[in-house]
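A short write-up of the structure that comes next.
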Amino acid sequence: MGGMGGGMMRVSAEKPTKLTVPCVCLEHGKKDPNPRMNYKVVPIEQVNADPRVSELCSLLGQGRIPQNTAQASAWHLANGLSWEQLAMKNRVESQYTGNIRFFSPIELQAAYQASGVISQFYSEQNNSSSRSRSDSYHDQVPPSAGSGN
Numbered sequence: 620m621g622g623m624g625g626g627m628m629r630v631s632a633e634k635p636t637k638l639t640v641p642c643v644c645l646e647h648g649k650k651d652p653n654p655r656m657n658y659k660v661v662p663i664e665q666v667n668a669d670p671r672v673s674e675l676c677s678l679l680g681q682g683r684i685p686q687n688t689a690q691a692s693a694w695h696l697a698n699g700l701s702w703e704q705l706a707m708k709n710r711v712e713s714q715y716t717g718n719i720r721f722f723s724p725i726e727l728q729a730a731y732q733a734s735g736v737i738s739q740f741y742s743e744q745n746n747s748s749s750r751s752r753s754d755s756y757h758d759q760v761p762p763s764a765g766s767g768n
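Letter by letter, the sequence shown follows residues 620 to 768 of this note's numbering.
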């Protein structure tokens, strides 16, 4: 994506098109998505009304935060999972090969920082509306925070 069209592409009406988009689960505990399922695109507010979650997804879509870092932040912000719970979450559990953690320590650290900056911004915004968005977390969240696996 990107290039001269600025990430835009033309999709004909009523014509199925395959897209690869970075996504996060906003409802911890539900079954994993399946590529054979049909999905409906809805405004994020229909799934989660927390503006911090919406902003986190915006950062992911802009490529400013990696998917796994955004996932840890999303489960923390949207579903209340503690950082300890996220650190102990296994992607794979096997008595033969051992457990594989869902998140690396670097991803969790970046998720903790991103969640903190976003939460602080919205906390301050509720107290004072004098700051502009560009003076806030967008300048504090480095591009691809936590991508150094």
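Using N, Cα and C, we set each Cβ at its ideal position, and we do this for glycine too.
1) Could you check where the beta strand (DSSP E) with residue 710 kicks off and where it finishes?
2) If residue 696 sits next to residue 734, beta carbons under 8 Å apart, how far is it from one beta carbon to the other, in whole angstroms?
3) Determine, using beta carbons only, whether residue 629 and residue 737 come nearer to each other than 8 Å.
4) Please report how far the alpha carbon of residue 646 lies from the alpha carbon of residue 654, in whole angstroms.
5) Using only alpha-carbon positions, find the residue among 710, 716, 691 and 746 that is nearest to residue 730.
6) Based on DSSP bridge pairs, tell me the residues matched to residue 720.
7) Taking the straight line between their C-alpha atoms, what separation do you get for residue 675 and residue 657?
8) For the stretch 651-689, list the alpha helix (DSSP H) runs that are entirely contained and at least 4 residues long, ordered along the chain.
9) Smallest Cα separation from residue 678: which of 667, 664, 693 and 666?
10) Do residue 643 and residue 689 come within 8 Å of each other at the CB atom, strictly closer than that value?
11) Just verifying my parser: in three-state terms, what is the DSSP assignment at residue 631?
12) Quick one: is residue 638 buried, meaning 16 or more other Cβ sit within 10 Å of its Cβ, or exposed?
13) What three-state label does DSSP hand residue 695 in the structure shown?
For this structure:
1) The residue labelled residue 710 in the question sits at position 91 within the sequence shown. 709-711 is the extent of the beta strand (DSSP E) around residue 710.
2) Taking the sequence shown and counting its residues from 1, the one referred to as residue 696 is at position 77. Taking the sequence shown and counting its residues from 1, the one referred to as residue 734 is at position 115. That pair is a contact at about 6 Å.
3) Position 10 of the sequence shown, counting from 1, holds the residue named residue 629. Position 118 of the sequence shown, counting from 1, holds the residue named residue 737. No, Cβ-Cβ distance for residue 629 and residue 737 is not below 8 Å.
4) For the purposes of this step, residue 646 is taken as residue 27 along the sequence shown, with counting starting at 1. For the purposes of this step, residue 654 is taken as residue 35 along the sequence shown, with counting starting at 1. Going by the C-alpha atoms only, they are around 17 Å apart.
5) Position 111 of the sequence shown, counted from the first residue, corresponds to residue 730. For the residues 710, 716, 691 and 746, the minimum Cα distance to residue 730 belongs to 691.
6) One-based indexing of the sequence shown puts residue 720 at position 101. DSSP output for residue 720 lists 709 as bridge partner(s).
7) On the sequence shown, position 56 is the one that residue 675 refers to. On the sequence shown, position 38 is the one that residue 657 refers to. The alpha-carbon atoms of residue 675 and residue 657 are separated by roughly 24 Å.
8) 670-680
9) To locate residue 678, count along the sequence shown from 1; it is residue 59. Selected option, being the one with the closest Cα: 693.
10) As a position in the sequence shown, residue 689 is number 70, starting the count at 1. As a position in the sequence shown, residue 643 is number 24, starting the count at 1. Taking 8 Å as the Cβ cut-off, residue 689 and residue 643 qualify as a contacting pair.
11) Translated into the one-based positions of the sequence shown, residue 631 becomes position 12. Residue state, collapsed to three classes: coil.
12) Locating residue 638 in the sequence shown gives position 19, counting from the first residue. Exposed: under 16 other Cβ atoms inside 10 Å.
13) One-based indexing of the sequence shown puts residue 695 at position 76. In this structure, residue 695 counts as helix in the three-state DSSP scheme.
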